[in-house]
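Residue 1 is where the sequence shown starts when you use full-length UniProt numbering, and the numbers rise one by one after that.
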Amino acid sequence: MNVKSHLEKIVRLEALRARFDPLDDFELWFWSGMTGGTHAVNAALHHAGITTADDVYAAQPGVYLVPQPDGTLQAAFHPLGDVLHVGRPVVEAPVPEDIASMMHLMEVVEQYRDPCVRAGVAPTAAIVEECDKALRVCFRLLNERMEGALHEH
Numbered sequence: 001m002n003v004k005s006h007l008e009k010i011v012r013l014e015a016l017r018a019r020f021d022p023l024d025d026f027e028l029w030f031w032s033g034m035t036g037g038t039h040a041v042n043a044a045l046h047h048a049g050i051t052t053a054d055d056v057y058a059a060q061p062g063v064y065l066v067p068q069p070d071g072t073l074q075a076a077f078h079p080l081g082d083v084l085h086v087g088r089p090v091v092e093a094p095v096p097e098d099i100a101s102m103m104h105l106m107e108v109v110e111q112y113r114d115p116c117v118r119a120g121v122a123p124t125a126a127i128v129e130e131c132d133k134a135l136r137v138c139f140r141l142l143n144e145r146m147e148g149a150l151h152e153h
């Protein structure tokens with residue numbers, strides 16, 4: 001995806017996340033935040049020229065869905081574009097400190113994915129606060145890198 005598309009998705013996902021109660025609707029609240037944060041990392045990686053910003057869509061590490069002239073999507077190997085999650089696939093190139101911080105913040109969030117969404121661990125107010133704080137800092141770092149572009153959408 002391209003940077004503009006990532007920014008637009010972040011704005012829509014954050015509007016959606018704001019509609020959920022973080023504890024009562026934890027799974028939806030969590031997934032919308034985690035997905036928005038992943039879009040932020042991808043936008044930052046593209047902005048820094050570390051990954052390609054082509055209009056292809058990550059399906060599996062190294063495999064992207066590529067739009068075809070007839071409007072369909074075709075799976076194809078492609079150079080690193082969007083990551084699905086931080087570390088999947090691993091970004092081999094050096095990344096600037098702010099992006100490395102964003103990636104770490106997403107690891108803070110994603111540590112709760114399996115226990116709270118898949119394994120039935122009940123989310124707590126402390127987990128919600130930790131995830132929300134990490135996402136807010138991640139978005140702030142992106143906005144600083146993009147010189148306010150996130151808030152223009």
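A virtual CB, placed ideally from N, CA and C, is assigned to each residue, including glycine.
Member of the options whose CA lies at the smallest distance from the CA of residue i
i      : options                      : result
Val3   : Ala48, Glu110, Gln68         : Ala48
Ile127 : Ala93, Phe77, Arg19, Leu23   : Leu23
Met1   : Gly81, His151, Ala15         : Gly81
Met102 : Ala15, Leu141, His151, Glu14 : Leu141
Inter-residue Cα distance where the pair is residue i and residue j
i      : j      : result
Leu73  : Gln60  : 14 Å
Arg17  : Gly33  : 7 Å
Glu97  : Thr52  : 19 Å
Ala75  : Thr35  : 22 Å
Val108 : Val137 : 12 Å
Pro94  : Ala100 : 9 Å
His46  : Ala149 : 14 Å
Asn143 : Phe20  : 24 Å
Glu147 : Arg118 : 37 Å
Ala125 : His6   : 29 Å
Asp70  : His151 : 35 Å
Residue i beta carbon near the ligand FMN (any heavy atom closer than 8 Å)
i     : result
Trp29 : Ligands in the displayed structure: none, and consequently the ligand FMN is not present.
Exposed unless 16 or more other CB atoms sit within 10 angstroms - verdict on residue i
i      : result
Pro79  : exposed
Ala44  : buried
Pro123 : buried
His104 : exposed
Phe139 : buried
Gly120 : exposed
Integer Cβ distance of residue i from residue j, believed to fall under 8 Å
i     : j     : result
Val91 : Ile50 : 6 Å
Tell me, please, whether the segment 121-134 touches the segment 58-68 by the rule of three or more beta-carbon pairs shorter than 8 Å. no
With three or more beta-carbon pairs closer than 8 Å as the criterion, would you say the segment 7-18 touches the segment 27-41? yes
So does the segment 48-58 actually touch the segment 25-32, counting three or more Cβ pairs closer than 8 Å? no
With a threshold of 8 Å, are at least 3 pairs of Cβ atoms found where one atom belongs to the segment 80-91 and the other to the segment 100-120? yes
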